[in-house]
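Here's the structure, in structure tokens; my notes come after.
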Amino acid sequence: MKQFAGIQECPILSRHVDYFTIACVCFFSLLAPKISRRIGLEYTLFGALLLLAAGIIIRSIPYITALFFGTTVLGIAIAVCNVLLPSLIKREFCNKVGIMTGIYAVSMNLWAAVASGITIPITEGVEFGWRGALACWVLLSVVSIVFWFPQTKNQSWPLRPNLFKTKISVRTSNPLAQ
223 MKQFAGIQEC PILSRHVDYF TIACVCFFSL LAPKISRRIG LEYTLFGALL
273 LLAAGIIIRS IPYITALFFG TTVLGIAIAV CNVLLPSLIK REFCNKVGIM
323 TGIYAVSMNL WAAVASGITI PITEGVEFGW RGALACWVLL SVVSIVFWFP
373 QTKNQSWPLR PNLFKTKISV RTSNPLAQ
């Protein structure tokens, strides 16, 4: 396998890396709730954080196949987290869903901006190269894993399927609503 110097060498490959990420997000966004119902929300998010760290590490390996495989793993982790974190917010902060969702959205955008602003100086100033700069972000993933691990002890076990089949009756005087 030939070593890969940089994605800029082949624009077609750079487009395919983006397509892999989008395809993973599309496909695994549909599977995330099913996985969560089977093994629980906390364990699913913990697994997604492990995948995120693994994807960053794999993507930093200097081979094209590692770049594509790591990007695929990252796409899976991002899809699962993007689908399940809002439901966690709704469950844990049911009286403050709006403000907590806003804090979640702002923090995602803020950290994305910080990562974009810091990665280039790490690449050029510290001379890690783009792989080393991306590998630095695994540290935040590891910190997240350490802080999330205690949440797995508070696992909310999946609900039984028959709980979703309960019939709700609503009485109203409006004839259109009956």
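Going by the working numbering, the first residue of the sequence shown is number 223, and it counts up by one from there. C-beta atoms are modelled at their ideal positions from N, C-alpha and C, and glycine is treated no differently. This structure is a prediction, so every number in the text was calculated from the model and none was measured.
Asked, Found
"Cβ separation of C246 and G297, assumed to be a contact under 8 Å, to the nearest whole Å", "3 Å"
"Inter-residue CB distance, S363 and L274 (contact presumed, cutoff 8 Å)", "5 Å"
"Range of the contiguous alpha helix (DSSP H) that encloses A375", "Position check: residue 375 holds Lys in this sequence, whereas Ala was assumed. Segment: none, K375 is in no alpha helix (DSSP H) and carries neither H nor E."
"Length of the line joining the Cα atoms of A276 and V295", "8 Å"
"Between the CA atoms of Y285 and I321 - distance to the nearest angstrom", "43 Å"
"Nearest to S366 (by Cα), restricted to the options Y241, C303, L289 and R313", "C303"
"Opening and closing residue of the alpha helix (DSSP H) in which F290 lies", "I286 to E314"
"Exposure label - F250; buried when at least 16 CB within 10 Å", "buried"
"A299 beta carbon less than 7 Å from that of A270", "yes"
"Distance CB(R353)-CB(S309) smaller than 7 Å", "no"
"Distance, L253 Cα to A301 Cα", "9 Å"
"Extent of the continuous alpha helix (DSSP H) to which V360 belongs", "V360 to W370"
"L332 burial status per 10 Å Cβ neighbour count (16 or more: buried)", "exposed"
"Separation of E314 from S338, as counted between CA atoms", "30 Å"
"V328 (DSSP reduced to helix, strand or coil)", "helix"
"Beta-carbon proximity of Y265 to T374, cut-off 7 Å", "yes"
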